[in-house]
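Protein chains: 2
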Amino acid sequence: MSLGEFDLIAKYFTRPTPRAVLGVGDDCALLQPAVGLQWAVSSDMLVEGRHFLSTVRPERLGHKALAVNLSDLAACGARPVAFTLALAMPRVDEAFLAGLAQGLFDLADVHGIELVGGDTTAGPLNLCITVFGEVPPGQALRRDGARAGETLWVSHEVGGGVGDARLALEVFRGHVSLAGDDFEAVRRAMEQPQPRVALGLGLRGVASAAIDLSDGLVGDLGHVLQRSGVGAVLQVDALPISPVLARQPRARQLQCALAGGDDYELLFSAPPEAEARVRAAAAQAGVAVACIGRIEASPGLRLVDAQGVALPLVLQAFDHFKDGPDA
Amino acid sequence: MSLGEFDLIAKYFTRPTPRAVLGVGDDCALLQPAVGLQWAVSSDMLVEGRHFLSTVRPERLGHKALAVNLSDLAACGARPVAFTLALAMPRVDEAFLAGLAQGLFDLADVHGIELVGGDTTAGPLNLCITVFGEVPPGQALRRDGARAGETLWVSHEVGGGVGDARLALEVFRGHVSLAGDDFEAVRRAMEQPQPRVALGLGLRGVASAAIDLSDGLVGDLGHVLQRSGVGAVLQVDALPISPVLARQPRARQLQCALAGGDDYELLFSAPPEAEARVRAAAAQAGVAVACIGRIEASPGLRLVDAQGVALPLVLQAFDHFKDGPDA
Chain G
1049 MSLGEFDLIA KYFTRPTPRA VLGVGDDCAL LQPAVGLQWA VSSDMLVEGR HFLSTVRPER
1109 LGHKALAVNL SDLAACGARP VAFTLALAMP RVDEAFLAGL AQGLFDLADV HGIELVGGDT
1169 TAGPLNLCIT VFGEVPPGQA LRRDGARAGE TLWVSHEVGG GVGDARLALE VFRGHVSLAG
1229 DDFEAVRRAM EQPQPRVALG LGLRGVASAA IDLSDGLVGD LGHVLQRSGV GAVLQVDALP
1289 ISPVLARQPR ARQLQCALAG GDDYELLFSA PPEAEARVRA AAAQAGVAVA CIGRIEASPG
1349 LRLVDAQGVA LPLVLQAFDH FKDGPDA
Chain U
1049 MSLGEFDLIA KYFTRPTPRA VLGVGDDCAL LQPAVGLQWA VSSDMLVEGR HFLSTVRPER
1109 LGHKALAVNL SDLAACGARP VAFTLALAMP RVDEAFLAGL AQGLFDLADV HGIELVGGDT
1169 TAGPLNLCIT VFGEVPPGQA LRRDGARAGE TLWVSHEVGG GVGDARLALE VFRGHVSLAG
1229 DDFEAVRRAM EQPQPRVALG LGLRGVASAA IDLSDGLVGD LGHVLQRSGV GAVLQVDALP
1289 ISPVLARQPR ARQLQCALAG GDDYELLFSA PPEAEARVRA AAAQAGVAVA CIGRIEASPG
1349 LRLVDAQGVA LPLVLQAFDH FKDGPDA
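Note that the protein sequences, when read in sequence, are chains G and U.
Numbered per our numbering, the first sequence spans residues 1049 to 1375.
Numbered per our numbering, the second sequence spans residues 1049 to 1375.
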């Protein structure tokens, strides 16, 4: 407890910021925007017991805090540039800080981005990251661009799927029991999501609308449909399901995949004739994509099985005021 | 509790954002930087019991959360453009949200800036704002520009001074008793600080170094001295003291003014020959400035009285891990 907040910042969170005009340590960071590009900005706050469990390793928490923000840039097709971190901690725990910084900077380095400023304070554990990215004017992927007749896609890990993070949560809650390796696999999905930045960049000019899956597929798709003024048919049998989740009862599979939350995959629409370009963008980014439905003019979301038979829609979107790791 | 987080955002925090390419409601906000300008970015997190008391009116909390961030832009001489808000709340309280939004947007309107995005979640009360401003290359006020021989200045309210916020805190802590009007005056200083944005803009090209007073004058001055590689002499009798604080014992006056924290005034240095321009910038901005010392080549901070007699330096800077409203 001998370290003051200034020393803390210096020790764990000050690194060279060659791309910034001025980095950590002044009242503001100074950044020089690239000529002609727009800035994409997103801010996400992670709260203990809500977005992560107290048992999470600090390295994974650092990774996840940045990953969920990068996922927002990915959903816009923006190239990440820099981020700020505001951090409230109940006490000064150097091991925690060291791990947190490690996880954060490891992911930052993958994407070549810099921590340019922020804040640290005492308080209940809370991480707020704001990310900045660049995108050429008119090329950002938005939620309001989906058009009737387009194909609906979702990204996923090669050999994986959507819903694993939620399955891990069910294990933590004691509702599901998994063998050790299976648990580790879904726990990694929950604690170390991979933001689909490369895919988002590859989908510029290809996808018409995109969103990242944070609150559950049905709820997030609902945002796209609402803002685009369209509806959709979703083929539940086309949802990518990991081998671990596939061993669960079908009802749980669908609950996790459709309303699980915390997937941080990209859900997007594209004209049918863009299929080859979608697949090329995915291959280039090293991720898989699944075609899971189509956009229709008629509002609302309709779930169907492989035979086209309608399924009842009884799922709720993930809502951070009603649901979450401690709910 | 029937409102979900999306409805909440829409109801209280979605307003037109004519200056943004894309505002609240997508994965990212999109902003078009002005050609040739740099971006100044700062992020501050406010925690209940640490940066504000649970008794604060929501309107004042909204004001303060934005004010402390704008104060960072002011200290850089940056013109505010936009901000994001991430908010954790233990429960959905519409009266609280309505008041918070009111205080936030009232101050935002004064500075013509837009809320372009953010996040809301359940959790212990926490507000994290990230602000964006613009400044021409090379014109940002920094902490590292102070040079020996320069004059040291601090801004203050006309008829006011520094240290009032700390005096209010001492009242809340039960260490000091004040008459009703006096308490209201210092409480306003604590809960509704006025960011010196206009002064910061006016000091571009005039001041050599600047910082905003958040952690206490001695501590904040120490950052400037350290980063500039210089020392300073500070005339404690030249410190601007409000009439309310002036009625306190001298030791408390100095404690509050020198190490109080939460002032959000600008502390800056300028060449002696710039005095007329400093005063003109202050007059233009409608604030007062006091000349409180000078920068010297010899490292360290020396406090002296009006006769130049050295005073012992026994003050501690405000540290959010050791001090604060609940300490």
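Heads up, the beta-carbon is just placed ideally off N, CA and C, and yes, glycines get one too.
Where residue i meets chain U, residues with beta-carbon distance less than 8 Å
i	result
G/Gln1187	Under the 8 Å cutoff, chain U gives no residues; its nearest Cβ is about 10 Å from G/Gln1187.
G/Asp1092	Ala1134 and Asp1167
G/Asp1120	Asp1075 and Cys1076
Residue i: contacting residues in chain G (beta-carbon distance under 8 Å)
i	result
U/Arg1221	In chain order: nothing, as chain G lies at least about 17 Å away.
U/Val1164	Val1089
Length of the line joining the Cα atoms of residue i and residue j
i	j	result
U/Met1049	U/Pro1320	For U/Met1049, the predicted structure reports a pLDDT of 32, less than 50, and the residue's modelled location is therefore unreliable. The matter cannot be settled from this model.
U/Ala1213	U/Arg1244	16 Å
G/Gly1165	G/Val1281	44 Å
U/Ala1338	U/Gly1209	9 Å
G/Gln1301	G/Val1104	24 Å
U/Gly1277	U/Leu1306	21 Å
G/Ile1340	G/Leu1287	6 Å
U/Ala1345	G/Leu1070	24 Å
U/Leu1045	U/Val1224	Absent from the model: residue 1045 of chain U. The displayed extent of chain U is 1049 to 1375, so no value can be given.
U/Cys1176	G/Pro1172	13 Å
U/Asp1075	G/Gln1274	14 Å
U/Leu1293	U/Leu1215	7 Å
U/Gly991	U/Ser1119	The displayed coordinates of chain U run from 1049 to 1375. Any statement about residue 991 of chain U would go beyond what the structure contains.
U/Thr1168	G/Ala1113	15 Å
U/Gly1084	U/Leu1078	18 Å
G/His1368	U/Gln1242	Any answer about G/His1368 is weak, because its pLDDT of 46 lies below 50 and its placement is not dependable; what the coordinates show is given next. Cα-Cα distance, rounded: 34 Å.
G/Glu1303	G/Gly1211	Residue identity check: residue 1303 of chain G is Gln in the sequence provided, not Glu. Roughly 8 Å between the two C-alpha positions.
G/Gly1207	G/Phe1144	33 Å
U/Glu1198	U/Ala1318	5 Å
G/Thr1376	G/Ala1329	One cannot answer for residue 1376 of chain G here, as it falls past the ends of chain G, which runs 1049 to 1375.
G/Ile1259	U/Gly1248	39 Å
G/Trp1201	G/Gly1356	18 Å
G/Arg1139	G/Gln1086	39 Å
Residue from the options whose Cα sits closest to the Cα of residue i
i	options	result
U/Ala1170	G/Val1206, G/Pro1128 and G/Val1095	G/Val1095
G/His1111	G/Phe1153, G/Asp1075, G/Trp1087 and G/Ser1090	G/Phe1153
G/Gly1348	G/Val1164, G/Arg1063 and G/Ala1196	G/Ala1196
U/Pro1128	U/Gly1277, U/Ala1324, U/Val1266 and U/Phe1180	U/Phe1180
U/Ala1354	U/Asp1285, U/Ile1289 and U/Pro1297	U/Asp1285
G/Asp1263	G/Leu1085, G/Ser1203 and G/Gly1309	G/Gly1309
U/Leu1163	U/Ala1130, U/Phe1220 and U/Arg1235	U/Ala1130
G/Leu1121	G/Arg1139, G/Glu1205, G/Asp1092 and G/Pro1106	G/Asp1092
G/Glu1142	G/Val1158, G/Ala1237, G/Asp1055 and G/Leu1079	G/Asp1055
U/Lys1059	U/Ala1146, U/Leu1109, U/Leu1078 and U/Gln1080	U/Ala1146
G/Phe1231	G/Ala1077, G/Gly1151, G/Pro1291 and G/Leu1118	G/Pro1291
U/Arg1221	U/Arg1298, U/Arg1098, U/Leu1359 and U/Leu1085	U/Arg1098
U/Asn1117	U/Gly1125, U/Leu1109 and U/Ser1090	U/Ser1090
U/Gly1125	U/Glu1182, U/Ala1077 and U/Ala1294	U/Glu1182
G/Glu1218	G/Arg1235, G/Asp1229 and G/Arg1139	G/Arg1235
U/Pro1020	U/Ala1156, U/Val1083 and U/Ala1324	Not covered by the structure: residue 1020 of chain U. The range shown for chain U is 1049 to 1375.
U/Ala1237	U/Gly1228, U/Gly1279, U/Ala1318 and U/Glu1205	U/Glu1205
G/Gly1160	G/Leu1359, G/Ile1289, G/Pro1241 and G/Ala1246	G/Ala1246
U/Ala1299	U/Val1326, U/Leu1359, U/Asp1260 and U/Arg1342	U/Leu1359
U/Gln1240	U/Leu1109, U/Ala1082, U/Trp1087 and U/Pro1081	U/Leu1109
G/Arg1327	G/Val1158, G/Pro1106, G/Gly1151 and G/Ser1203	G/Ser1203
Chain-ordered chain G contacts of residue i [CB-CB under 7 Å]
i	result
U/Ile1259	Asp1075
U/Gln1086	Val1069, Leu1078, Leu1079 and Gln1080
U/Ala1126	Cys1076
Within chain U, partners of residue i - CB distance below 7 Å
i	result
G/Thr1178	Ser1091, Thr1132 and Thr1178
G/Arg1098	Thr1169, Ala1170 and Gly1171
G/Arg1252	Per Cβ cutoff of 7 Å: no residues; G/Arg1252 is ~13 Å from chain U at best.
Beta-ladder partner(s) of residue i, from DSSP
i	result
G/Ser1317	G/Leu1200 and G/Ala1257
G/Val1352	G/Gln1283 and G/Ala1358
G/Gly1181	G/Ala1088 and G/Pro1128
G/Cys1176	G/Met1093 and G/Ala1134
G/Phe1100	G/Glu1096
U/Asp1072	The amino acid at residue 1072 of chain U is misidentified as Asp; the sequence shows Val. U/Val1072 pairs with U/Asp1074.
Chain-ordered chain U contacts of residue i [CB-CB under 9 Å]
i	result
G/Ala1123	Asp1074, Asp1075 and Cys1076
G/Val1095	Ala1136, Thr1169, Ala1170, Gly1171, Pro1172 and Asn1174
Partner residues on chain G for residue i, Cβ-Cβ distance less than 9 Å
i	result
U/Arg1214	None at all; the shortest Cβ gap to chain G is about 17 Å.
U/Arg1350	What U/Arg1350 touches in chain G: nothing, since even the nearest Cβ is about 22 Å away.
U/Asp1063	Just to set this straight, residue 1063 of chain U is Arg in the shown sequence, not Asp. Those do not exist, as U/Arg1063 stays about 16 Å from chain G at its closest Cβ, beyond 9 Å.
Margin query: Contact between the region 1312-1320 of chain G and the region 1246-1255 of chain G is defined here as three or more beta-carbon pairs at a separation below 8 Å; is this criterion met?
Written below: The answer is yes - the region 1246-1255 of chain G touches the region 1312-1320 of chain G, with three or more Cβ pairs under 8 Å.
Next item on the list: Report yes or no: do three or more beta-carbon pairs, one from the region 1133-1152 of chain U and one from the region 1326-1343 of chain U, lie closer than 8 Å?
Entry: Under the 8 Å Cβ criterion, the region 1133-1152 of chain U does not count as touching the region 1326-1343 of chain U, having fewer than three qualifying pairs.
Next item on the list: State whether the region 1181-1189 of chain U contacts the region 1266-1276 of chain U, with contact taken as three or more CB pairs (one from each stretch) at a distance under 8 Å.
Entry: Result no; under three Cβ-Cβ pairs closer than 8 Å.
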